[in-house]
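Quick note, the sequence shown lines up with residues 1 to 210 if you use UniProt numbering.
Glycine included, C-beta positions come from ideal geometry on N, C-alpha and C.
Remember, it's a predicted structure, so these values are computed and weren't measured experimentally.
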Amino acid sequence: VSTAVEEIYRQISDTADQAAEVRNASETMRQHADDGGVQMQELLSSITDIETSVKSIGATINSIQSLAAQTNILALNASVEAARAGTSGKGFAVVAEEVRTLAGHSSDAAQNIIQVLNCCREAVNRGIDVATKTSDAMGRIKESVEEVASQSVHISDRTDSQMSAVNSIKDDLGVVSGIVHSNAAASQECSAMVRELSEQALQLDRLSKV
1 VSTAVEEIYR QISDTADQAA EVRNASETMR QHADDGGVQM QELLSSITDI ETSVKSIGAT
61 INSIQSLAAQ TNILALNASV EAARAGTSGK GFAVVAEEVR TLAGHSSDAA QNIIQVLNCC
121 REAVNRGIDV ATKTSDAMGR IKESVEEVAS QSVHISDRTD SQMSAVNSIK DDLGVVSGIV
181 HSNAAASQEC SAMVRELSEQ ALQLDRLSKV
């Protein structure tokens, strides 16, 4: 019985050790999940800042396009007036044409920048989507890890109670074993006394027949 109890105690102890390992691993995983969640939030914040900057740049480029269009109209009007002025307006016409050309280049450059910004905006939106999904996934992982940690704590508490019960059984078995040994010793003493009394009875019987 004692050997069986020792084996039960060993198995429970092993279970407790394994539960402790699971709890420690769960705590490490939870910390990693927390760190990952914080990093995802920081990434999401950075991407949002980029999105804000892209919108601001887009608004500025729209203003540049508007100014380029107005400049082009003014240069066109200036060219018309220079043509009306005849020979005296030739120099002014050249300048007006250069201004129109510059306004056209500015408009083209602004349009190219808008195309780049649109690509950036799409990339930012994809980044926000990925970061949001990743952050949600990290949150779910954290919840799962916390559930595992809670279960491991519950198992650890149960095994602690079981180990206490087994220790109590071991103590009780020790007491019982002591009583058994005492009874065995007393039984041996009684057997010796019975043998001695039997011998004395035989001697008395022989004496009575003499």
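Going by alpha carbons, who is nearest to H154 out of I8, Y9, R10 and V22?
In the sequence shown, residue 154 corresponds to position 154, counting from 1. Residue V22 is the option with its Cα nearest to H154.
Look at A68 and A96 and say whether their C-beta atoms are less than 7 Å apart.
Along the sequence shown, one-based indexing puts residue 68 at 68. Along the sequence shown, one-based indexing puts residue 96 at 96. Contact: no.
Hey, would you say M40 sits closer than 7 Å to A131, going by beta carbons?
The residue you call residue 40 lines up with position 40 of the sequence shown. The residue you call residue 131 lines up with position 131 of the sequence shown. The Cβ atoms of M40 and A131 sit closer than 7 Å to each other.
How close, in whole Å, do the beta carbons of Y9 and V194 come, if the pair is a contact with beta carbons under 8 Å?
Within the sequence shown, residue 9 is the residue found at index 9, counting from 1. Within the sequence shown, residue 194 is the residue found at index 194, counting from 1. About 41 Å; that fails the 8 Å criterion.
Rounded to whole angstroms, what's the CA-CA distance from I61 to D129? Just pull it up for me.
Counting from 1 along the sequence shown, the entry for residue 61 is found at position 61. Counting from 1 along the sequence shown, the entry for residue 129 is found at position 129. Here the C-alpha atom of I61 lies approximately 26 Å from the C-alpha atom of D129.
Please state whether the Cβ-Cβ distance between V145 and S46 is less than 7 Å.
As a first step, residue 145 must be located in the sequence shown, where it is residue number 145. As a first step, residue 46 must be located in the sequence shown, where it is residue number 46. Taking 7 Å as the Cβ cut-off, V145 and S46 do not qualify as a contacting pair.
Kindly list the residues whose CB is nearer than 6 Å to the CB of M163, restricted to its own chain and excluding five residues on each side of it in sequence; keep chain order.
Within the sequence shown, residue 163 is the residue found at index 163, counting from 1. I12, listed in sequence order.
CA-to-CA distance, Q65 to E81, given in whole angstroms:
Translated into the one-based positions of the sequence shown, residue 81 becomes position 81. Translated into the one-based positions of the sequence shown, residue 65 becomes position 65. Each residue's CA atom was taken as its position, placing E81 and Q65 some 24 Å apart.
Alpha-carbon spacing of R121 relative to L44, whole angstroms:
As a position in the sequence shown, residue 121 is number 121, starting the count at 1. As a position in the sequence shown, residue 44 is number 44, starting the count at 1. Between R121 and L44, the alpha-carbon positions lie close to 14 Å from each other.
Answer yes or no: do A75 and V94 have a C-beta to C-beta separation smaller than 7 Å?
Walking along the sequence shown from the start, residue 75 turns up at place 75. Walking along the sequence shown from the start, residue 94 turns up at place 94. Judged by their CB atoms, A75 and V94 are not nearer to each other than the 7 Å cut-off.
Taking the straight line between their C-alpha atoms, what separation do you get for I179 and A185?
Working through the sequence shown from its first residue, we reach residue 179 at position 179. Working through the sequence shown from its first residue, we reach residue 185 at position 185. Their Cα atoms are separated by approximately 10 Å.
Straight-line gap, A110 to T134 (C-alpha atoms, nearest Å):
On the sequence shown, residue 110 is found 110 positions in, with the first residue counted as 1. On the sequence shown, residue 134 is found 134 positions in, with the first residue counted as 1. Computed Cα separation, rounded: 35 Å.
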